[in-house]
Amino acid sequence: MPRSQVKQLWTYGHNLTSLKHLNLRDSRNLIEVPDLSGSPSIERIDFRGCRSLVRVPSYFQNLENLASLDLWSCGNLKFFCEIPCNLEELILSGTAIEEISPSIWSHKKLHELDLSGCENLKSLPSRSNSTTGELNMCGGDQNQIGLKTLLLHFSNIDSLPDDSIYGLDTLYLVGCNQLKRLPPLSMGSLCSLRNLDLSGCEVLESIPDSLFYSSTLQDIDLRGTMIESIPSSIINASGLLDLRLMGCKKLTVIPELPSQLQSLDASGCTSLKRVASSRSALVQQPWEHRESFILERHVYTDCLELDESARINIMGDAQLRIMRMASSSKRAMYDYTFICPGNETPEWFSDQREGCEINNIKFPPDWSTTTQDQFLGFPLSAVVAVKPLTNSFFYLVWECNFKTNNDGEGYQHKFKSQWITSTITSADVNSYEDYVVAFFNRDSREGNSRPPIPLNMVTQASFHLYPVYNGNKDEARIDVKIKSVGFVKLN
Numbered sequence: 001m002p003r004s005q006v007k008q009l010w011t012y013g014h015n016l017t018s019l020k021h022l023n024l025r026d027s028r029n030l031i032e033v034p035d036l037s038g039s040p041s042i043e044r045i046d047f048r049g050c051r052s053l054v055r056v057p058s059y060f061q062n063l064e065n066l067a068s069l070d071l072w073s074c075g076n077l078k079f080f081c082e083i084p085c086n087l088e089e090l091i092l093s094g095t096a097i098e099e100i101s102p103s104i105w106s107h108k109k110l111h112e113l114d115l116s117g118c119e120n121l122k123s124l125p126s127r128s129n130s131t132t133g134e135l136n137m138c139g140g141d142q143n144q145i146g147l148k149t150l151l152l153h154f155s156n157i158d159s160l161p162d163d164s165i166y167g168l169d170t171l172y173l174v175g176c177n178q179l180k181r182l183p184p185l186s187m188g189s190l191c192s193l194r195n196l197d198l199s200g201c202e203v204l205e206s207i208p209d210s211l212f213y214s215s216t217l218q219d220i221d222l223r224g225t226m227i228e229s230i231p232s233s234i235i236n237a238s239g240l241l242d243l244r245l246m247g248c249k250k251l252t253v254i255p256e257l258p259s260q261l262q263s264l265d266a267s268g269c270t271s272l273k274r275v276a277s278s279r280s281a282l283v284q285q286p287w288e289h290r291e292s293f294i295l296e297r298h299v300y301t302d303c304l305e306l307d308e309s310a311r312i313n314i315m316g317d318a319q320l321r322i323m324r325m326a327s328s329s330k331r332a333m334y335d336y337t338f339i340c341p342g343n344e345t346p347e348w349f350s351d352q353r354e355g356c357e358i359n360n361i362k363f364p365p366d367w368s369t370t371t372q373d374q375f376l377g378f379p380l381s382a383v384v385a386v387k388p389l390t391n392s393f394f395y396l397v398w399e400c401n402f403k404t405n406n407d408g409e410g411y412q413h414k415f416k417s418q419w420i421t422s423t424i425t426s427a428d429v430n431s432y433e434d435y436v437v438a439f440f441n442r443d444s445r446e447g448n449s450r451p452p453i454p455l456n457m458v459t460q461a462s463f464h465l466y467p468v469y470n471g472n473k474d475e476a477r478i479d480v481k482i483k484s485v486g487f488v489k490l491n
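Be aware that the sequence shown starts at 1, since it is given in the UniProt record's numbering, and climbs by one per residue.
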């Protein structure tokens, strides 16, 4: 009965022994839960959006088959009973609850706990406060906890117990503006953590070194925090794939990064000055990937305080990453884009021209004996002048035209960079910022959709680069200017 106008259903005496699902979603006038004590088979209860509901009956803890309880946006719900031992999903987002029972940690079947938007919730209980009786009652122990996903975003949590992260796969703390620190983290507590989102934690100034000793951590989001540096221990995060630092305005240093890191976005880090080279990791550590599509991007837009050493390190790492993709023997789709402030194309792009075109490049007769799928590709580079606009975005298209010795027969192919975003607005509406962009695209998968180009017959090539802004090619020319281009043949 979703969206009903009822205030109250039956209060007692209904033995609905076969009832498995109850849906009263968005019944905004409902003030009391119907009597379900005679419904031992019930598995799912949905009270989402029942804004007048003020309590959940204590007998709910005896509903042994209840697996999912949704109380999202029950804004007047302040108190919550003990939960049944077999509950797998508990959604309390947007409620007025002020505390959670320590027994929550003892439910080994509870996989997801959503406490997002609980503005009255200031802290979580310690796992050590779960009594032996509670642990035994639900068949759990402190080393065998089922909770995998803990959602606390936009709550008023100001700290976490030292043992609260144990066994978690995903921890979301987005917009927790009272959170000042993370607890000390042991290797045991990090044994499962893969995703950590701290974006928008505006008073968070540091993260513990121990976080990056986790081999399972894949994704960490630190956008909009007040951190000043990244611990050097990040080099040990062997499984880290995605690091988001956008808008970390106090961040001044990025240390050496692990070789497996695919995506780094430091756009809007307006105080960033130093970026260490990751050459040692890229050269010494084996590159292992199982995916058939490898998407890498390293973005430093609006990082205008970078010193010259940082720019050299960033561009040197980009070269190594491109060469690693180009020389990989695994059949996959490889796509890489990097952008950082600068006005000179890196020297290793051997063919460079001012403007947006390179015309009539001659190829010697024996320049390539490879087949299409063996060809390593063309890394491409450009210096672009971008007018800073809030949340403007564009990508670059590199149009390649090849002529062969077969009566001048022509072939065309287009490479596209990934999206590039500018995150700030300049006071001078006519100002432009210069950026160096490099991108590389190679598809060595069997049966890929690209038209075959007889590379061993190519005698001449021309290249043209143009931007596409917000999906519109013509609009792009207003805010993005191509100053120079470069490419290099890899074979």
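A virtual CB, placed ideally from N, CA and C, is assigned to each residue, including glycine.
All figures in this text were calculated on a predicted structure; none of them were measured in a lab.
Task: Residues near residue 15 by beta carbon distance below 8 Å, same chain, minus five either side - done: 38 and 39
Task: Distance CB(residue 219)-CB(residue 245) smaller than 8 Å - done: no
Task: Three-pair Cβ contact test at 8 Å for the stretch 235–253 versus the stretch 213–227 - done: yes
Task: Residue span of the alpha helix (DSSP H) that contains residue 318, given as start and end - done: 308–327
TODO: From the DSSP output, in three-state form, read off residue 398 for me.
DONE: strand
Open item on the list: Going by DSSP, what residue range makes up the alpha helix (DSSP H) through residue 6?
Closed with: Per DSSP, residue 6 belongs to no alpha helix (DSSP H) and is neither H nor E.
TODO: Compare the Cα-Cα distances from residue 310 to each of 256, 281 and 44 and report the closest residue.
DONE: 256
Open item on the list: Assuming residue 480 is part of the alpha helix (DSSP H), what are its boundary residues?
Closed with: That residue, residue 480, is in no alpha helix (DSSP H); its beta strand (DSSP E) goes 480–487.
TODO: Determine the burial state of residue 342: buried for a count of at least 16 other Cβ atoms within 10 Å of its Cβ, exposed for fewer.
DONE: buried
TODO: Could you please give me the residues that DSSP links to residue 460 through a beta bridge?
DONE: 362 and 403
Open item on the list: Can you find the residues in the same chain that come closer than 7 Å, C-beta to C-beta, to residue 393, ignoring five residues on each side of it along the sequence?
Closed with: 419, 420, 421 and 470
TODO: Could you tell me whether the Cβ atoms of residue 333 and residue 443 are closer together than 8 Å?
DONE: yes
Task: Beta-carbon proximity check, residue 77 vs residue 110, cutoff 8 Å - done: no
Task: Burial state of residue 296, where buried means 16 or more other Cβ atoms lie within 10 Å - done: buried
Task: For residue 294, the nearest candidate out of 171, 204, 325 and 283 (CA to CA) - done: 325
Open item on the list: Suppose only complete runs of 3+ residues qualify. What are the beta strand (DSSP E) ranges in the stretch 150–213, listed by chain order?
Closed with: 170–172 and 195–197
TODO: With a threshold of 7 Å, establish whether the CB of residue 192 neighbours any heavy atom of the ligand GTP.
DONE: Of ligands this structure carries none, so the ligand GTP is not represented either.
Task: Cβ-based burial, residue 116 [other Cβ within 10 Å; buried from 16] - done: buried
- [ ] Taking residue 73 as the reference, give the member of 63, 81, 57 and 93 with the closest Cα.
- [x] 93
- [ ] Note down, one range per segment and in chain order, each beta strand (DSSP E) of at least 3 residues found wholly within the stretch 224–279.
- [x] 242–244 and 263–265
- [ ] With residue 67 as the anchor, note down where its beta strand (DSSP E) starts and where it stops.
- [x] Per DSSP, residue 67 belongs to no beta strand (DSSP E) and is neither H nor E.
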